[in-house]
Structures are given as C-alpha cells and as structure tokens.
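Numbering (the working numbering), first residue to last: 5 to 89. Since the structure comes first, as structure tokens, the remarks are kept for the end.
Next up, the structure:
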C-alpha cells in the first residue's frame, strides 16, 4: 500500500471535509459510527501529511459558499490543469 501511495501521485493539494455530527447518519453505505468517522478523518489527515500533501479544509459553510471556496482554490492553484502533450 505504501509503495502505491508513493507511486500514484495525483495532486499535492487535497480538499478534506471534517465530519459533522449534526448531519451525520448511518446508512447502508456508511457503516461507521460518528466516533469511527472522526478517527478515520484524523488518520486521513496524518496519511496525507506524511506523503507531503497540502490539506485544504473545507469548513462548515453553506453548499454555495463551500462550492465557491473550492472553485477559488482550484483556479488559484490550477488543480484541474491537464499535462501538456
């Protein structure tokens, strides 16, 4: 797994969304309870940082404000640029 993480590098800037208990619900697809989700979130933070990625935390704003924030970050860092051929 570690070798794959070192080889399969996509982009060094990663959007991360902290878990929110107010909207958290267990579903068929989401088998973790909230405390497990928090632990997973912290493990993901550590893993991304260990591989040198820059985490961009998306705060608990409205959907419109979060979308605007993400679009602004994408355009300022050219996250979506295609490699030259």
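Ideal placement from N, C-alpha and C gives every residue a C-beta, glycine not left out. None of the values given here were measured: they were computed from a predicted structure.
Note the first and the last residue of the continuous alpha helix (DSSP H) segment covering residue i.
i	result
residue 10	6-11
Let's see if you can read the secondary structure: which residues bound the beta strand (DSSP E) around residue i?
i	result
residue 20	17-20
Flag this pair as yes or no: are the beta carbons of residue i and residue j separated by less than 8 angstroms?
i	j	result
residue 157	residue 34	The structure shown does not extend to residue 157, since the chain is modelled only from 5 to 89, so the question has no answer here.
residue 78	residue 70	no
residue 41	residue 28	yes
For residue i, does the count of other Cβ atoms within 10 angstroms reach 16, so buried, or fall short, so exposed?
i	result
residue 44	exposed
(request) Identify every run of the alpha helix (DSSP H) within the segment 49-87, keeping only runs that are complete inside it and at least 4 residues long; order them along the chain. (result) Counting whole runs of 4 or more residues, the segment 49-87 contains the alpha helix (DSSP H) stretches 67-81.
(message) Tell me whether the segment 17-24 and the segment 65-81 touch, counting them as touching only if at least three CB pairs, one residue from each stretch, are closer than 8 angstroms.
(response) Yes: at least three Cβ pairs fall under 8 angstroms.
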